[in-house]
Amino acid sequence: VKLIQDELRRVKFELPDGFEGLRFWPCGLTGRRTWPFPHDGRRMMVVSPFVSNGVLEELSRGRRECVLVSREESLDGLNPETLETFDRVFAMAPEAESEEIAEDSAATDEESDSLSGLHAKLFVMDDGWDARVWTGSANSTEAAFSRNVELLVELMGKKAHCGIDAVLGGDGRQAALIDLLRPYSAPEEMVPPPDGRLEKLAEDVRRDLAGVGLRLQAEEAGGGSTWDLAVVVPEGATLSLPDECTVRCRLVSLPEDLAVKLDLGSSRVAVLQGVSWQALTTFVAFSVEAQDEEGKAVVRFVLNLPLEGGPADRQERLIEQVLTDRTAVLRFLLLLLADDVREIAAVQGTAG
C-alpha cells in the first residue's frame, strides 16, 4: 500500500476522449465532511440508486432545471418537497431492467436481484460552455458524504460533450440514456419511508462484533488433512444479539453456502468444520441480518482475526503447491527480489 500511494503521486493519467482535466475527491478519510460540489446556482443532474432528502435538497438548493435519476423505490421514500426541487425526475424503465437481467443468462434468481436496477453514481453540472462530471462510489446520501470512505473522480470538458443534455441524449440519432428512463410519478398513496431501525440494529451488531476482540482457534481434524476453526469471544467479554438479528460467518476462501450461524450460548460462537489447509485463512466474512414483519436489512463485512493453532508448515505447503514449474519458480524469486513488479511480466514472457 505504501508503494502504491508513493507511485500514485507520479502517475500521469490519460484523460478519456473529450475531457480536458480531472481531479480526485477522497471522502471520509479525515473524519470531516467532504463536499465536492460548488454552491453557485448552476444546473445539475444527479444519478444515484440510493438518495436521501438532506443531500438532494443541498444539491438542488438555489439551482434551476435540475434533473434526478434514481430507483423507483428510492424515489418513493423521498419527501414530496424534495422531489419538487427537481425540474425532471426519472426512474429506470421496467423494460430496460428486464433486458439487463436477460443479457446475463447465467445469473441465478438470487443474483438477478443484485444485478437489476440502477447502479451508476453520477453528478453532472453545466458550467457555462463547459461541464463538470463527478463519478465514483458515493451515493446521494448523508452516509456517503458524512460517514463513509468514498472516492469520486471529477472530469472537466465541454458542455456539448459531457453536459447534462449531452449525457441524457435523446436526439433520436442514436441510443441514449434517456431511452432507458421514464418520468417518475409518485404513488397516489405515499408509503411512509422506512425509519431505518433495522439498518441501525444491523450496524450496531457489526460494531459490536468488530470491537469485541474475536479470535480464531484451529484444531486438527481428519488426520491432519482438515481443520476445525472456532470463532471465539475473549474471556470476560460479552456479546448479545437483538431478537430481530441473526449472524452468519464463513472464511472468505469458502462459498456462502458453507456459512454457519453464530450461537452466543458459549464463548465458541461458531465452528467452521472440515476446512482444508489450502482454505485456511484469518479473513472471516460476516453477514448480519435484521428482520421483522416490516422488512429486512443486511450488513456484510470482513474481519481479519488472530489465529491460534493451525498447521505450522502451512506456508511451506502453499509454496510447494504453487512452485510447480520453472516459470513459477522464477516468478516467485522475482517477487522476492524485484523493485518493480512489472519485471515479472517480462520474465513470464521469456521463461517459457
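Everything in the sequence shown is counted per the working numbering, starting at 192 for the first residue and increasing by one. Just so it is clear, CB atoms sit at the ideal spot from N, CA and C, and this is done for glycine as well.
| query | result |
| --- | --- |
| Per-residue burial, residue 355 [other beta carbons within 10 Å of its own, 16 or more giving buried] | buried |
| Residue 305 - DSSP class collapsed to helix/strand/coil | Note that residue 305 scores 47 on pLDDT, short of 50, meaning its location in the model is unreliable and no value can be drawn from it. |
| Residues bridged to residue 403 (per DSSP) | Residue 403 is not bridged to any residue. |
| Residue burial classification, residue 348 (beta-carbon count within 10 angstroms, cutoff 16) | buried |
| From 470, 512, 477 and 462, residue whose alpha carbon lies closest to that of residue 399 | 477 |
| Residues of its chain near residue 495, where Cβ-Cβ distance is below 6 Å and the 5 sequence neighbours each way are ignored | 473 and 474 |
| Supposed contact pair residue 314 and residue 228 - C-beta distance, whole angstroms, cut 8 Å | 7 Å |
| Residue 245 in three-state terms, based on DSSP | helix |
| Length of the line joining the Cα atoms of residue 326 and residue 239 | 10 Å |
| Cut-off 8 Å between Cβ atoms - residues of its own chain near residue 367, not counting five sequence neighbours on either side | 359, 360 and 361 |
| For residue 509 and residue 154, the rounded distance between their alpha carbons | Here the chain covers residues 192 to 543 and nothing more, so residue 154 does not appear. |
| Three or more C-beta pairs below 8 Å linking the region 270-286 and the region 390-407 | no |
| Buried or exposed (CB count within 10 angstroms, at least 16 for buried), residue 341 | buried |
| CB of residue 259 within 8 Å of CB of residue 280, strictly | yes |
| Cross-strand partners of residue 495 (DSSP beta bridge) | 474 |
| For residue 486, three-class secondary structure by DSSP | strand |
| Residue 207 in three-state terms, based on DSSP | coil |
| With 16 other Cβ atoms within 10 Å as the buried cut-off, status of residue 203 | exposed |
| Cα-Cα separation, residue 226 to residue 243 | 15 Å |
| Classification of residue 200 by the beta-carbon crowding that lies within 10 angstroms, buried from 16 upward | exposed |
| Cα-Cα separation between residue 503 and residue 428, rounded to whole angstroms | 29 Å |
| The beta strand (DSSP E) enclosing residue 421, as first and last residue numbers | 417-423 |
| Host beta strand (DSSP E) of residue 337 (start-end) | Counting along the chain, residue 337 falls outside any beta strand (DSSP E), though it belongs to the alpha helix (DSSP H) covering 333-337. |
| Best match in 308, 270 and 254 for proximity to residue 262 [C-alpha to C-alpha] | 308 |
| Beta-carbon proximity of residue 397 to residue 492, cut-off 8 Å | yes |
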